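Here is the structure we will look at.
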Amino acid sequence: MKIHKLNISDKKYFNKSLKLETHGLSSYAFENIFIWKKLFEIYWIKIEESLCIFFKDHAGCFMYLPPLSVQPSAKIIDEVFSIMDKMNNNKEISRIENAEERTLSFYKNLGYEYMPKSNDYVYKKEDLAQLKGDKFKSKRSSFNHFVKHYNFKYLPFSLKYKEECLKLYDFWSRQRGDKSQDSAYEYMLRDSKIALETMLKSYKYLDMVGRIVTVDSKFKAFTFGFELNHETFCILYEITDLSINGLAQFIFRQFSRELNYKYINTMDDSFLENIKKVKLSYRPSRLIPSYIIKRK
187 MKIHKLNISD KKYFNKSLKL ETHGLSSYAF ENIFIWKKLF EIYWIKIEES LCIFFKDHAG
247 CFMYLPPLSV QPSAKIIDEV FSIMDKMNNN KEISRIENAE ERTLSFYKNL GYEYMPKSND
307 YVYKKEDLAQ LKGDKFKSKR SSFNHFVKHY NFKYLPFSLK YKEECLKLYD FWSRQRGDKS
367 QDSAYEYMLR DSKIALETML KSYKYLDMVG RIVTVDSKFK AFTFGFELNH ETFCILYEIT
427 DLSINGLAQF IFRQFSRELN YKYINTMDDS FLENIKKVKL SYRPSRLIPS YIIKRK
């Protein structure tokens, strides 16, 4: 059994395995695996015909996704837990993350337990593009305020804006940090910056779509996302200068208008109330739960 360290050249094989089934969770995309390689050692193993992806850091080793195959087997699940146990001092660390709800009975029948992890927020593209009705009145107002009062340009991202993205992220992070005393949120901001750096460094190899906004010729917002499946686009980043009224609503709506997908997934809320509040304010059409699989 050969253990491989994740490389950008693995994208084709990963995409083939990820597309064996249609997934609704944002975790099931090469882009949302690769960007974490500076925060985790990422390894993969092919067991029988299953792609098995492991993340490892100072705390231990876990599976980022369940084994990717048409039909998982008890033998493969036993084997991946055995692999994790050998890498973990404490076997309780061994786990499978981002399991989908439809797979839970399979694990339950094998004697494993599951616990909720988080929910992805999924919206109808037309709701975000049109912002119709009273429920979106404040969003429309903010959007219209920005369009009316600012001299802006909405442009495709190119790598010449790479450093501007990182500078704006730092500025936005300070703005966010000033409003929050939550240490978990501060760690999330730090980790997200590292992931952004990784994404930008390998941008030309990843299937990302990016847009930027300048205001009075100054770089003030960016957003990035990727195709999750033929119906769903996932927004990975949306960063704006928070002092500009309506800019966040503008870039989110404008990007949504462009996308030729039925649904837009904005990922989870990391169990942070401020993020949850914003995501709920856009009235998701559904929440897609993810689960952690562990031994009893």
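Residue numbers (the numbering used here): 187 to 482. Beta carbons: idealized from backbone N, C-alpha and C, even for Gly. In this text, all values refer to a predicted model and were calculated from it rather than measured experimentally.
Under the rule that 16 or more other beta-carbon atoms within 10 Å means buried, what is residue i, buried or exposed?
i    : result
A260 : exposed
P342 : exposed
F457 : exposed
R439 : buried
S213 : buried
L345 : exposed
I437 : buried
I228 : buried
G319 : exposed
N284 : buried
L251 : buried
D368 : exposed
M187 : exposed
D196 : buried
Tell me residue i's beta-bridge partners as DSSP assigns them.
i    : result
V401 : F338 and K404
G246 : D243
N451 : V308 and C420
C238 : I231
K191 : Y229
V395 : G411
Y214 : According to DSSP, Y214 bridges with nothing at all.
P302 : Y477
I282 : M249 and I479
L254 : L237
I425 : F408
Using 8 Å for Cβ pairs, my map puts residue i next to residue j. What's the rounded Cβ distance?
i    : j    : result
K209 : N415 : Before going further, note that residue 209 is His rather than Lys in the sequence given. Right, their Cβ atoms sit about 7 Å apart.
S442 : L314 : 4 Å
S476 : K303 : 5 Å
F216 : N193 : The Cβ separation is near 11 Å, so there is no contact.
L354 : I425 : 6 Å
K406 : D377 : In fact, because the Cβ distance is near 24 Å, the residues do not count as touching under 8 Å.
K325 : L317 : 5 Å
E349 : G363 : Going by Cβ atoms, the distance from E349 to G363 rounds to 21 Å, so no, they are not a contact pair.
For residue i, which residues from the same chain have a beta carbon less than 8 Å from its beta carbon, with the 5 sequence-adjacent residues on both sides left out?
i    : result
T418 : G210, V308, Y447, K448, Y449, I450 and N451
R281 : F248, M249, M270, I478, I479 and K480
Y298 : I263, I479, K480, R481 and K482
F332 : F338, I430, N431, G432, L433, Q435 and F436
F412 : A215, E217, N218, L392, D393, M394, V395, F419, C420 and L422
L206 : L254, S255 and V256
N276 : G246
D455 : S304, N305, Y307, I461, K462 and K465
Y199 : L237
Y390 : Per the sequence presented here, residue 390 reads as Lys, with Tyr not at that position. Answer for K390: L345, listed in chain order.
Less than 6 Å between C-beta atoms, sequence neighbours within five positions excluded: which residues of the same chain meet that for residue i?
i    : result
M301 : I478
S328 : G432 and Q435
N274 : G246, C247 and S280
H190 : W230
Counting only the same chain and skipping the five closest in sequence on each side, list residues whose C-beta sits under 7 Å from that of residue i.
i    : result
I221 : A381, T384 and M385
K404 : none
F338 : V399, T400 and V401
F226 : F241, K242 and D243
S203 : L237 and L254
E265 : I233
I474 : G210, L211, N305, D306 and V308
K321 : R469
L296 : A260 and I263
Considering only residues of the segment 433-479, which uninterrupted alpha helix (DSSP H) runs meet the minimum length of 4 residues and lie entirely inside it, listed in chain order? Here the runs fully enclosed are 433-444 and 459-467.
In chain order, which alpha helix (DSSP H) runs of at least 4 residues are fully inside the segment 342-386? Note on the segment 342-386: whole alpha helix (DSSP H) runs with a minimum of 4 residues are 348-365, in chain order.
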